[in-house]
Amino acid sequence: MPAPMIAPSILSADFARLGDEVAVVGGVEGADWVHVDVMDNHFVPNLTLGLPVVQSLLGHTDIPLDCHLMIDDPARWAPPYAEAGAYNVTFHAEATDDPIAVAKDIRAAGGKAGLAIKPGTAFEPYAEILKSFDTLLVMSVEPGFGGQSFIAEVLEKTRAARRLVDSGELRLIVEIDGGINADTIERAAEAGVDCFVAGSAVYNADDPAEAVRKLRALAAGRR
Ligand code: DX5
Ligand code: ZN
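Here you go:
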């Protein structure tokens, strides 16, 4: 199994200094992806940033951007993130009736396509369509805010996805988002997660780069 991936979420960074905040987690043994939480104040009750900020960030870092779109109407809004150069573009299963079409458009625009599911959304109904995706993002908090507590019940879903990946039925990066820190990351790693999003655990740490290394080491010890 490849080394665990760590994707710091800039939701907990200083939005007035985003370029510097991304640079802080880069470098050798640094972040594998930078996780960018896009919220529209419709799909979730919070508002963050959108395409212009992502375009600016793309000019300031070589770390692949992992855009997590917590927005309505991803068919309209998701493909432009891939066109702009985001590496992975994830949208929510709950936000569209035609996730396969959105995934196709993201891939046609040059991005990897990710499907996110909220804590209360079952995995099984999506198992088949995940053949059209590169990433499954299992939310381990209700989307909308950083700093919430980890919902361990969602690990049933990462285990189910891992089984399908290990059996060769799916080729997917299994990603988890919400409440990941030094106390929870090992449980998630044992449950088959490949990529760990961490916002407050990285950016509220005294040394964010050290926090990334520590989280990766903890995850690596459990896989
Ligand atoms: C929440 C976002 C997360 C958030 C995670 O809706 O999708 O990416 O930044 O923050 P922590 O790691 O603090 O739970
Ligand atoms: Zn996120």
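Note that the numbering used here has the sequence shown beginning at 5, numbered continuously upward.
In this text, a Cβ means the ideal position worked out from N, Cα and C, and glycines have one as well.
All of these numbers come straight from a predicted model, not from anything done at the bench.
Where I75 is concerned, there is no enclosing alpha helix (DSSP H), because DSSP gives it neither an H nor an E. With respect to the C-alpha of P8, the residue from G203, E214, G196 and P212 having the closest C-alpha is G196. C-alpha of D109 to C-alpha of A224: approximately 34 Å in a straight line. Between the stretch 25-44 and the stretch 212-219, the count of Cβ pairs shorter than 8 Å is three or higher; the stretches touch. Remark: the C-beta of D76 is outside contact range of the ligand DX5, defined as less than 7 Å to any heavy atom.
Ranking G151, L22 and M143 by CA distance to the CA of L119 puts M143 first. Taking the C-beta atoms as reference points, V38 is found nearer than 8 Å to T65. Within 7 Å of the C-beta of G203 there is at least one heavy atom belonging to the ligand DX5. With a threshold of 7 Å, the Cβ atom of S136 does not count as near the ligand ZN, since no heavy atom of the ligand is closer than that. Taking 8 Å as the cut-off, the Cβ atoms of I189 and L222 count as close. Counting of Cβ neighbours within 10 angstroms places V32 among the exposed residues, the total staying below 16.
Between F149 and the set G34, L51 and F19, the nearest pair of CA atoms involves L51. Around the beta carbon of P49, fewer than 16 other beta carbons lie within 10 angstroms, which makes this residue exposed. R175 counts as exposed, since fewer than 16 other beta carbons sit within 10 angstroms of its beta carbon.
Under the 10 Å beta carbon count, R220 is surrounded by 16 or more other beta carbons and is classified as buried. For K116, the enclosing beta strand (DSSP E) covers residues K116 to I121. Taking 8 Å as the cut-off, the Cβ atoms of H72 and V106 do not count as close. Excluding its 5 nearest sequence neighbours in each direction, V169 has C-beta neighbours in its own chain below 6 Å: L176, listed in chain order. Ranking A88, R217, A90 and E173 by CA distance to the CA of A186 puts R217 first. About 6 Å separates the beta carbons of D138 and A117, which is inside the 8 Å limit, making them a contact pair. For V28, there is no enclosing beta strand (DSSP E); the enclosing alpha helix (DSSP H) covers residues L22 to V28. Excluding the 5 residues flanking it on each side, L62 has same chain C-beta neighbours closer than 8 Å at L69, A88, G89 and A90, in chain order. Per DSSP, the unbroken beta strand (DSSP E) holding A202 starts and ends at C199 to A202. Taking the C-beta atoms as reference points, E146 is found nearer than 8 Å to K122.
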